[in-house]
Structures are given as structure tokens and as C-alpha cells.
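Asker:
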Amino acid sequence: MSASSDQKQLARATSRVPHSFFYDRAIPAFLIVLAVALGVVMILAIGALTGLVPVR
Amino acid sequence: MLHLLPFSSTLVTVAFAVAVFSRYFRRGSAHLLFWGIGLALYGLGTFSEAFLGLAWSSFMLRVWYICGAMLTAAWLGQGTMYLLVRKPGVVNGFAIGLAIVSVVAIVSVFLAPMTNVAYNTSLPASVQYKDILTRNALMIVLTILLNIYGTVLLVGGALYSAFLFWRKRVLAHRVIANVLIAAGALMPASAGTFVKLGLTDWLYVSELLGAILMFIGFLQATSQQLAKAPAAQLAQSS
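Chains B and Z, in that order, give the protein sequences. Heads up, the first sequence is in our numbering, so the first residue is 136 and it goes up one at a time. Heads up, the second sequence is in our numbering, so the first residue is 657 and it goes up one at a time.
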């Protein structure tokens, strides 16, 4: 195995994020909350565009 | 006192824009240029909002509407498109389209007539502008379309990037950075909802928090903290 591939493997191995509650549970939960919030904002905006949500 | 909060938002946004532009001048990436322009628009929007909290100016109300309500999200989102989409022809096409639409938006706002309704400096511009600035259908449609375009790209792009890094279990600081950017970008995007709920003070807070969160996210994303870790361990193992 070449020195450069050793270095690549070591770099890849050392940069892997260890398991934790924060990383494995909290971050995906927060991503889902933000995605839902984005969806709600978009539905309101599209509703305003199509006339379903009143715009003065 | 809260109506002076936009001055704080302006300071944060200007610092953020300077950081992005200085990185652009070092690296020359198009996404940094568009983010820098978007942040300059954000700063102009919050500055004109702060100005309108002190004195009335029809010019400042138009600047506030163009920057604060129409263009900021779209230009920031265009930066994200440059970052994520690897087809230069497509992205450049959208950028040219955005530039043309932006010119149309600016012209339409400056041609829009104003009523004689008195402006109250103790209330946010977003509460009163509809009574003062006569918006035609084109302005309303452009405002909504530009905000949809920008918010989907900016927030959706940040969430997508965060998910990719999270799934690969690499560069945890970039996962957190993108979560912060998505959360920060959603704050001003949902400001209209706050106004409709009567929480006009929260509008200013959301603008400031949005700028702070995105700035922290940007600093976090551009930090080299974890990239150095493998190199340090390589040095130890050699």
C-alpha cells in the first residue's frame, strides 16, 4: 500500500464522527423540524401566490 | 427602543458581508460574490428599516421594500445554487434571469405611486407599507416568487448540505454550520408570519437573530478545525 493511500485511509478514519446522542438523534430531529418549517413557509407563500391565502 | 434593533442587525450584516467579500477576493468563487451581494442587500434593508424608525423618507421606504422584501433572499439563494449545482451554464442562466427580474423589481418599486397616509415612525415599516406604497400585481407576484426562489435555495440547500455531511459522518462542524444557516435564513423568511400574528417586535428580533445565526454558521463552515485533526494525527503517527 502506498504512503499516499495510507494517509488517505488514516485521514478518512480519523475524520469520522463518533456516535453520540447529539449527532445521531438531535441533529436529524432538528433537520426535520427545519424542513417542516420550510414547508410551512412555502405553502403559505404559494397560497398567497395562488390566492388561497389573502394578500392585501 | 426595539425599533432601533435593525441598526444592530445592520452592523452584524455588514461585518458578515465584509467577511464574505474578503473571502471572495481571496478565492474568487461565484457563490461568495452572490452571498456578498445578498448580504449587502440584507444590510441595506435593515438600515433603511432602522432609518424609518427615526424619520420618514419615501426613498428609504422604496429601498426597504426592494432590499428587505424583494431581493435579499433571492440573491443569497442564487449563491447557494452556485455552490451546489455543478452545471455552470444552468446556474449562469438563472443568475442572468435573476438580474433581469431584479432590475424589473427595482424599476416597478420606484415607479409605484405613494398615498398620502402619514407614516408612524414608532411602528415597523412592514406594518404600514401596504397603506403607503401602492403595489401593483406585478410587484406582489415578483415579491412572492423571489422569496420562494431564494428561501427554497438557501434553506433547502443548507438542509441538503447538512444532511449529506451528516449521512457520511464527516465534517461535523459543517453539519452544524448548515443547520445554523438554515435556521438563520428561516427567521427573516417567517417574519411576515410574526407581523400577521401581531408580534411586530419579534420581527426585529428575528432579523437580528437570523443574521447572527447565519454569520456563526458561515464562520463555522469556513473554519479549518476538523480538517486539521487528521493532519495532526498523521504528524503524530509519523
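Ideal Cβ placement from N, Cα and C applies to all residues, glycine included. As the structure is a prediction and not an experimental result, all values here were calculated from the model.
Compile a chain-ordered list of the residues in the segment 792-825 of chain Z whose CB is closer than 8 Å to at least one CB of chain B.
Answerer: For the segment 792-825 of chain Z, which is checked against every Cβ of chain B, the residues closer than 8 Å are ILE796, VAL797, ILE800, LEU801, ASN803, ILE804, THR807, VAL808, VAL811, GLY812, LEU815, ALA818, PHE819, TRP822 and ARG825.
Asker: For a test of the three-state rule: what should DSSP assign to Z/LEU789, helix, strand or coil?
Answerer: Within the second sequence, numbered from 1, the residue matching residue 789 of chain Z stands at position 133. Note: Z/LEU789 maps to strand in three-state DSSP.
Asker: Between the Cα of Z/LEU859 and the Cα atoms of Z/ALA847, Z/ILE868, Z/LEU865 and Z/LEU710, which residue gives the shortest distance?
Answerer: What you label residue 859 of chain Z is simply residue 203 of the second sequence in a count that begins at 1. Nearest option by C-alpha distance: Z/ALA847.
Asker: Please confirm if Z/LEU842 has its CB atom under 9 Å from at least one CB of chain B.
Answerer: As a first step, residue 842 of chain Z is located in the second sequence; it is residue number 186 there, counting from the start. Chain B, which has a Cβ nearer than 9 Å to the Cβ of Z/LEU842, makes this yes.
Asker: Can you check whether the CB of Z/LEU836 is closer than 9 Å to the CB of Z/ILE872?
Answerer: As a first step, residue 872 of chain Z is located in the second sequence; it is residue number 216 there, counting from the start. As a first step, residue 836 of chain Z is located in the second sequence; it is residue number 180 there, counting from the start. Yes. Within cutoff.
Asker: Return helix, strand or coil for Z/VAL773, following the three-state DSSP convention.
Answerer: Stepping through the second sequence from its first residue, residue 773 of chain Z is reached at position 117. Residue state, collapsed to three classes: coil.
Asker: Starting from the Cα of Z/ALA838, find the closest Cα among B/ALA180, B/VAL171, B/PHE156 and B/THR185 and give me that residue.
Answerer: Numbered from its first residue, the second sequence carries residue 838 of chain Z at position 182. Measuring from the Cα of Z/ALA838, the nearest candidate turns out to be B/VAL171.
Asker: Can you tell me whether DSSP reads Z/VAL968 as helix, strand or coil?
Answerer: The structure shown does not extend to residue 968 of chain Z, since chain Z is modelled only from 657 to 894, so the question has no answer here.
Asker: According to DSSP, is B/ARG151 helix, strand or coil?
Answerer: Counting from 1 along the first sequence, the entry for residue 151 of chain B is found at position 16. DSSP places B/ARG151 in strand when its eight states are reduced to three.
Asker: My understanding is that Z/MET726 touches Z/THR799, with C-beta atoms under 8 Å, so please give their C-beta distance in whole angstroms.
Answerer: Counting from one through the second sequence, the residue named residue 726 of chain Z turns up at place 70. Counting from one through the second sequence, the residue named residue 799 of chain Z turns up at place 143. About 5 Å; that satisfies the 8 Å criterion.
Asker: Could you check if Z/PRO662 is buried or exposed, using at least 16 other CB atoms within 10 Å of its CB as the buried criterion?
Answerer: What you label residue 662 of chain Z is simply residue 6 of the second sequence in a count that begins at 1. Buried, since its Cβ has 16 or more Cβ neighbours within 10 Å.
Asker: Since Z/ALA845 meets chain B, which of its residues come closer than 7 Å, beta carbon to beta carbon?
Answerer: Your numbering for residue 845 of chain Z matches position 189 in the second sequence. Chain B residues near Z/ALA845: VAL176.
Asker: Any Cβ of chain Z within less than 9 Å of the Cβ of B/LEU121?
Answerer: Within the shown structure, residues of chain B are numbered from 136 to 191, placing residue 121 of chain B beyond reach of any answer.
Asker: Run through DSSP, which three-state label would Z/LEU688 get?
Answerer: By 1-based counting over the second sequence, the position of residue 688 of chain Z is 32. In the structure shown, Z/LEU688 adopts helical secondary structure according to DSSP, grouped into three states.
Asker: Between the segment 745-755 of chain Z and the segment 692-701 of chain Z, are three or more C-beta pairs nearer than 8 Å?
Answerer: no
Asker: Below 7 Å on C-beta distance, what does B/ARG151 contact in chain Z?
Answerer: Your numbering for residue 151 of chain B matches position 16 in the first sequence. Chain Z residues near B/ARG151: ARG825 and VAL826.
Asker: Relative to the C-alpha of Z/LEU809, which residue among Z/HIS829, Z/ALA711 and Z/GLN734 is closest?
Answerer: To locate residue 809 of chain Z, count along the second sequence from 1; it is residue 153. It is Z/GLN734.
Asker: Residues of chain B with CB closer than 9 Å to the CB of Z/VAL835, please, in chain order.
Answerer: Numbered from its first residue, the second sequence carries residue 835 of chain Z at position 179. Going along chain B in sequence order, the residues near Z/VAL835 (Cβ under 9 Å) are ILE162, PHE165, LEU166 and LEU169.
Asker: If we ignore side chains and look at the alpha-carbon of each, how far apart do Z/MET737 and B/LEU184 end up?
Answerer: For the purposes of this step, residue 737 of chain Z is taken as residue 81 along the second sequence, with counting starting at 1. For the purposes of this step, residue 184 of chain B is taken as residue 49 along the first sequence, with counting starting at 1. Going from the Cα of Z/MET737 to the Cα of B/LEU184 covers about 23 Å.
Asker: Exposed or buried, which one is Z/ARG977 when buried takes at least 16 other CB atoms within 10 Å?
Answerer: Here chain Z covers residues 657 to 894 and nothing more, so residue 977 of chain Z does not appear.
Asker: Please report the distance separating the alpha-carbon of Z/TRP720 from that of Z/ASN748.
Answerer: As a working note, residue 720 of chain Z is residue 64 in the second sequence. As a working note, residue 748 of chain Z is residue 92 in the second sequence. Cα to Cα, Z/TRP720 sits roughly 27 Å from Z/ASN748.
Asker: Helix or strand or just coil, what does DSSP make of Z/TRP731?
Answerer: As a first step, residue 731 of chain Z is located in the second sequence; it is residue number 75 there, counting from the start. Correct three-state label for Z/TRP731: helix.
Asker: Run through chain B and tell me which residues come within less than 7 Å of Z/VAL831, C-beta to C-beta.
Answerer: What you label residue 831 of chain Z is simply residue 175 of the second sequence in a count that begins at 1. Within 7 Å Cβ-Cβ: ILE162.
Asker: Check the Cβ-Cβ distances between Z/ALA761 and every residue of chain B, and say whether any is below 9 Å.
Answerer: Walking along the second sequence from the start, residue 761 of chain Z turns up at place 105. By this cut-off, Z/ALA761 is not an interface position.
Asker: Could you check if B/VAL175 is buried or exposed, using at least 16 other CB atoms within 10 Å of its CB as the buried criterion?
Answerer: On the first sequence, residue 175 of chain B is found 40 positions in, with the first residue counted as 1. Per the 10 Å Cβ criterion, exposed.
Asker: Does the Cβ-Cβ distance between Z/SER704 and Z/ALA781 come in under 9 Å?
Answerer: Here residue 704 of chain Z refers to the residue found at position 48 of the second sequence. Here residue 781 of chain Z refers to the residue found at position 125 of the second sequence. The answer is yes: Cβ separation under 9 Å.
Asker: Is the beta carbon of Z/ALA814 closer than 9 Å to that of Z/PHE672?
Answerer: Start at 1 with the first residue of the second sequence, and residue 672 of chain Z comes out as number 16. Start at 1 with the first residue of the second sequence, and residue 814 of chain Z comes out as number 158. No. Outside cutoff.
Asker: Give me, in chain order, the residues of the same chain whose beta-carbon lies closer than 8 Å to that of Z/GLN892; leave out the 5 immediate sequence neighbours on both sides.
Answerer: As a position in the second sequence, residue 892 of chain Z is number 236, starting the count at 1. Low local confidence applies: a pLDDT of 39 at Z/GLN892 is under 50, so the model's placement there is unreliable, and no value is given.
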